[in-house]
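Notes to accompany the following structure.
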Amino acid sequence: MNKVFTVEYPILFSHCDPAGIVYFPRLFDLLHRAMEDWFTFGLKERFADLIMKKRLGTPAVSTQVDFVGPATFGDTLKIELRVARLGRSSIELAVHSFVEGRPCFKAKHSICIFSQETRRAVPIPEDLRSRMQEYVADG
Amino acid sequence: MRVFTIERRIRFSHCDPAGIVYFVNFFDMINAIVEDWFDQVIGLPFQEMHLQRRIGFPIVDTDCQFFRPCHLGDMLRLELGISRLGRSSIEFRIAGRVDDEEKLRGRHKVALVSLDTFRSMPIPDDLRAKMAPYVTDASGDRA
């Protein structure tokens, strides 16, 4: 219980803009990558299979991000992912990121589980829900 | 109150394997409307801002709700207004529609900094005067 999924990614040349810092949509891309890795390695539900075989989807419902400090080329971004709220088909992720211990961004990212066949939100499958439950943060 | 508008055709490259626009690409489009507004309305293209004047408007925080997915071929109309003009910050209000359907609504706050010190700076009066017509009514609901 109260698990935290943690990953580290290098900030690459291709993430950065002419001001020399990460172009902010690339941070969302890294947030999504952390979520994919959480499914695959944290929840043991290969993200590619969820999309390509089970024909589900995880569209963003809302994203709220505070940019606290910059990340630049050569940095290593540490991302911590927790579940802030687990709904019937929605999942609110609390995502914190750090560069050498300094906060970079913190996000609330809500997704839902979606059927590619019906194009509608569907309940989170029970086995997945019980594994997600372990990442629900207290308070 | 003025609203600045751009249109973006949803391309193959915007969409993901689930067949809808990958949400990160919406943030790239939000950046695009801000960039076009600075160029066409404020008269400060990003190349002059960043490379000559050595100033920038990095993101302070951003918040976007996605109501309905967008699909390949859609023509997305993006609208920009200002919900709050601070001393050094601008809080944009962004709306995205395809035909009459609202697809997304965002609040996107940036602040002026020196690229040499990364400290915030007041928005110069000449720029502020050009921004002012885009400030929405205080009574308007916040995105």
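So the sequences go chain by chain: S and L. For the first sequence, this note's numbering gives the first residue as 972, with consecutive numbering after it. For the second sequence, this note's numbering gives the first residue as 377, with consecutive numbering after it. Glycine is no exception: its CB is placed at the ideal position from the N, C-alpha and C atoms. Owing to the predicted nature of the structure, the values given are computational and were not obtained by experimental measurement.
query, result
"Using the C-alpha atoms, what's the distance from Val1032 of chain S back to Asp412 of chain L?", "26 Å"
"Can you give me, in chain order, the residues of the region 1001–1027 of chain S that have a beta carbon less than 7 Å from any beta carbon in chain L?", "His1003, Ile1022, Met1023"
"Using CA coordinates, which residue listed in S:Ile1062, S:Cys1083, S:Val975, S:Pro989 is at the minimum distance from His426 of chain L?", "S:Pro989"
"From Asn401 of chain L to Leu480 of chain L, what distance separates their C-alpha atoms?", "12 Å"
"Is Tyr994 of chain S near the ligand FAD, in the sense that its beta carbon is under 6 Å from a heavy atom of that ligand?", "Because no ligand of any kind appears in the structure shown, any question about the ligand FAD cannot be addressed here."
"Which residue from S:Ile1095, S:Pro1094, S:His1080, S:Met1103 puts its Cα closest to that of Leu1002 of chain S?", "S:His1080"
"What separation, rounded to the nearest whole angstrom, lies between the Cα atoms of Asp1008 of chain S and Pro509 of chain L?", "45 Å"
"Identify whether Tyr1106 of chain S lies in helix, strand or coil by the three-state DSSP scheme.", "coil"
"For His426 of chain L, return the contacting residues in chain S, with the cut-off set at a CB-CB distance below 7 Å.", "Pro989, Ala990"
"If contact means a Cβ-Cβ distance below 8 Å, which residues of the region 1030–1050 of chain S contact chain L?", "Pro1030, Ala1031, Val1032, Ser1033, Thr1034, Gln1035, Val1036, Asp1037, Phe1038, Pro1041"
"Below 6 Å CB to CB, which residues in the same chain sit around Tyr521 of chain L once its five sequence neighbours on both sides are set aside?", "Given that chain L is displayed from residue 377 to residue 519, the structure contains no residue 521 of chain L and the question cannot be resolved."
"Kindly indicate if chain S contains any beta-carbon less than 7 Å away from that of Ile466 of chain L.", "no"
"Is Pro996 of chain S close to chain L, meaning its C-beta is less than 7 Å from at least one C-beta of that chain?", "yes"
"In or out: Lys485 of chain L buried (at least 16 other Cβ within 10 Å) or exposed?", "buried"
"Can the beta-carbon of Asp415 of chain L be found closer than 7 Å to that of Arg483 of chain L?", "no"
"Distance, Cα to Cα, Ala1065 of chain S vs Glu1105 of chain S?", "14 Å"
"Would you please state the rounded distance, in angstroms, between the beta carbons of Ile382 of chain L and His447 of chain L? I believe it to be under 8 Å.", "Contact flag wrong, Cβ pair sits at about 19 Å."
"Going by the CB atoms, is the gap between Leu1052 of chain S and Phe976 of chain S shorter than 7 Å?", "yes"
"Spell out a yes or no on whether the region 493–501 of chain L and the region 443–457 of chain L are touching, meaning 3 or more CB-CB pairs, one atom from each, closer than 8 Å.", "no"
"Identify the contact partners of Thr438 of chain L in chain S, using a Cβ-Cβ distance below 7 Å as the criterion.", "Val1036"
"What distance in whole Å lies between the Cβ atoms of Ile1022 of chain S and Ser1060 of chain S, which are believed to be in contact at a cut-off of 8 Å?", "Incorrect: roughly 16 Å between the Cβ atoms, too far for contact."
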